[in-house]
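Numbering (my numbering), first residue to last: 1187 to 1645.
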Ligand SMILES: Nc1ncnc2c1ncn2[C@@H]1O[C@H](COP(=O)(O)OP(=O)(O)OP(=O)(O)O)[C@@H](O)[C@H]1O
Ligand SMILES: [Mg+2]
């Protein structure tokens, strides 16, 4: 397809001349006699390159450069300047013009400049497209969700991934702490290095130390060979110290020392070896409380807690529950049961009601099981684990941002109406006024609820 070029010049003859030359080279050309007209035309014509005169009656070509740089930064603008007015050409480049050409010009040099600008344009679009694709793959895949909480989390992780700061990732079990740590690694400067995770709660104290720092040959009975610990395995990469809250006291002291010196001493050795890894720690425990109770060293806590990333519980992420459910459903269905394509409405409601104490992991497991069990192409409520299928929401909050329990909208409405009525001292006219509904509507609702309005609701 031929490229589209917009020519802007208040001199009709010049416009015509340029247009003819460019059309002769099979470009599609539009002309505008003023900046205002060019701006108008640009929207429908979507030029790939703009050629503009600088001195025109009305707005100048400089203003056009500025405007395009602002609104269509990918469209190169070439200014046509009178011979010897280098200064205005430079000024134009400064406000965003891509190139300039002196008047009078021959057709060949005009074509050359235009071609170069077009190449630039297509490169810019390609880079942008690739970047968008990469960005999406990176963020969308790892941390599914678009609740405010998750958007905030992603933006924090994005900022932190550009730093080397030690990060403490906290959050309830199954919220995605490891996913968050991985995301930090995958988006940071160390992404081509290794990501090594060690679970500090899974090993006995003696083994843990050698796993962390390595050991020399003969350090203990089973140490037949020398072994590098995770600090060295994570060289030029990231080390995740998972379940850091479970670290035994003696190892805490050694870890603190290693972090402070940026060196490790392998078990059984005398020499300290420098390491080069970004450190991320994570825990589902309240470390501050552990510090207060004396089971976690305060100095180590401050070493690790340079920046804290709190991964929010699933029940505070609203509709993300369904996004995640769809995500897992698609994944598990594609592995084994492609005929399963979605969730029934009833199942979706159960998922929204349930408070997810085991967070994303619990949801994942529930969906995996449901996809495997269902006899239908849509997962039904009965396919969900009993505790979820039969869950009855008990506590209902009517609140804004800190709504922790997810309840049906109807339920929120009911509680709110009762609360307002209570606040109005049982005065239905006043309550109806406050709610901006008619008294009739209010009566009807109260009848539906089958409640005695004067009673306290306990909400
Ligand atoms: N936002 C998310 N999008 C997609 N998958 C997620 C998300 N969060 C967590 N998961 C998945 O949920 C499971 C639990 O996540 P992860 O292991 O990171 O949790 P955790 O907080 O480290 O849990 P624990 O406290 O038990 O160690 C994993 O399978 C992970 O891939
Ligand atoms: Mg974990």
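For glycine and all other residues, C-beta sits at the position ideal for the given N, C-alpha and C.
Could you tell me whether any non-hydrogen atom of ligand 1 is closer than 8 Å to the CB of residue i?
{"i": "residue 1366", "result": "yes"}
{"i": "residue 1343", "result": "no"}
{"i": "residue 1363", "result": "yes"}
{"i": "residue 1353", "result": "no"}
{"i": "residue 1470", "result": "yes"}
{"i": "residue 1306", "result": "no"}
{"i": "residue 1423", "result": "no"}
{"i": "residue 1437", "result": "no"}
{"i": "residue 1358", "result": "yes"}
{"i": "residue 1513", "result": "yes"}
{"i": "residue 1328", "result": "yes"}
{"i": "residue 1431", "result": "no"}
{"i": "residue 1331", "result": "yes"}
{"i": "residue 1510", "result": "yes"}
Rounding to the nearest angstrom, what Cα-Cα distance links residue i and residue j in this structure?
{"i": "residue 1462", "j": "residue 1358", "result": "30 Å"}
{"i": "residue 1606", "j": "residue 1619", "result": "10 Å"}
{"i": "residue 1483", "j": "residue 1438", "result": "7 Å"}
{"i": "residue 1420", "j": "residue 1504", "result": "37 Å"}
{"i": "residue 1382", "j": "residue 1492", "result": "20 Å"}
{"i": "residue 1320", "j": "residue 1604", "result": "Its pLDDT being 48, under 50, residue 1320 is placed unreliably in this model, and the value from its coordinates should be taken loosely. Roughly 50 Å separates the two Cα atoms."}
{"i": "residue 1554", "j": "residue 1513", "result": "11 Å"}
{"i": "residue 1201", "j": "residue 1207", "result": "10 Å"}
{"i": "residue 1468", "j": "residue 1404", "result": "32 Å"}
{"i": "residue 1342", "j": "residue 1495", "result": "8 Å"}
{"i": "residue 1632", "j": "residue 1600", "result": "9 Å"}
{"i": "residue 1334", "j": "residue 1517", "result": "24 Å"}
{"i": "residue 1295", "j": "residue 1527", "result": "59 Å"}
{"i": "residue 1356", "j": "residue 1608", "result": "40 Å"}
{"i": "residue 1676", "j": "residue 1368", "result": "What the structure shows of the chain is the stretch from 1187 to 1645, and residue 1676 is not part of that stretch, so it cannot be assessed."}
{"i": "residue 1364", "j": "residue 1261", "result": "42 Å"}
{"i": "residue 1387", "j": "residue 1432", "result": "5 Å"}
{"i": "residue 1401", "j": "residue 1474", "result": "32 Å"}
{"i": "residue 1210", "j": "residue 1188", "result": "12 Å"}
{"i": "residue 1497", "j": "residue 1507", "result": "15 Å"}
{"i": "residue 1275", "j": "residue 1249", "result": "13 Å"}
{"i": "residue 1426", "j": "residue 1471", "result": "16 Å"}
Run the CB neighbour count on residue i, radius 10 Å, all protein chains shown included, and call it buried at 16 or more, exposed below.
{"i": "residue 1360", "result": "buried"}
{"i": "residue 1290", "result": "exposed"}
{"i": "residue 1457", "result": "exposed"}
{"i": "residue 1406", "result": "exposed"}
{"i": "residue 1254", "result": "buried"}
{"i": "residue 1212", "result": "exposed"}
{"i": "residue 1634", "result": "exposed"}
{"i": "residue 1562", "result": "exposed"}
{"i": "residue 1569", "result": "buried"}
{"i": "residue 1545", "result": "buried"}
{"i": "residue 1644", "result": "Because residue 1644 sits at a pLDDT of 35, beneath the cut-off of 50, its placement in the model cannot be relied upon, and the point is left open."}
{"i": "residue 1588", "result": "Note that residue 1588 scores a pLDDT of 44, beneath 50, so its modelled location is shaky; the value from the coordinates is reported in the next line. When all chains shown are included, residue 1588 counts as exposed."}
So, at 8 Å on beta carbons, what are the nonlocal neighbours of residue i in its own chain, with the 5 sequence-adjacent residues on each side left out?
{"i": "residue 1567", "result": "1530, 1532, 1533, 1535, 1536 and 1575"}
{"i": "residue 1133", "result": "Nothing about residue 1133 can be reported from this structure: the residues present for the chain run from 1187 to 1645 only."}
{"i": "residue 1220", "result": "1194, 1196, 1242, 1243, 1244 and 1245"}
Reducing DSSP to helix, strand and coil, say where residue i ends up.
{"i": "residue 1564", "result": "strand"}
{"i": "residue 1403", "result": "coil"}
{"i": "residue 1234", "result": "coil"}
{"i": "residue 1436", "result": "helix"}
{"i": "residue 1491", "result": "coil"}
{"i": "residue 1264", "result": "strand"}
{"i": "residue 1334", "result": "helix"}
{"i": "residue 1241", "result": "coil"}
{"i": "residue 1198", "result": "helix"}
{"i": "residue 1457", "result": "coil"}
{"i": "residue 1329", "result": "coil"}
{"i": "residue 1413", "result": "strand"}
{"i": "residue 1214", "result": "strand"}
{"i": "residue 1598", "result": "helix"}
{"i": "residue 1613", "result": "coil"}
{"i": "residue 1207", "result": "helix"}
{"i": "residue 1190", "result": "strand"}
{"i": "residue 1577", "result": "coil"}
Within its chain, find whatever has a CB closer than 7 Å to the CB of residue i; leave out the 5 residues flanking it on each side and keep chain order.
{"i": "residue 1350", "result": "1464"}
{"i": "residue 1324", "result": "Residue confidence is low: residue 1324 scores 45 on pLDDT, short of 50, so the model does not pin down where it sits. No coordinate-derived value is stated."}
{"i": "residue 1571", "result": "1552 and 1555"}
{"i": "residue 1336", "result": "1329, 1503 and 1506"}
{"i": "residue 1617", "result": "1606, 1607, 1610 and 1628"}
Suppose the cutoff is 6 Å on Cβ atoms and the five residues either side in sequence are ignored; what does the same chain contact list for residue i look like?
{"i": "residue 1218", "result": "1194, 1224 and 1227"}
{"i": "residue 1486", "result": "1438 and 1442"}
Under 8 Å: does the beta carbon of residue i sit that close to some heavy atom of ligand 2?
{"i": "residue 1161", "result": "The structure shown does not extend to residue 1161, since the chain spans only 1187 to 1645, so no value can be given for it."}
{"i": "residue 1554", "result": "no"}
{"i": "residue 1428", "result": "yes"}
Should residue i be flagged as near chain C, meaning a C-beta pair shorter than 9 Å?
{"i": "residue 1202", "result": "Of the protein chains in the structure, only one exists, and it is not chain C."}
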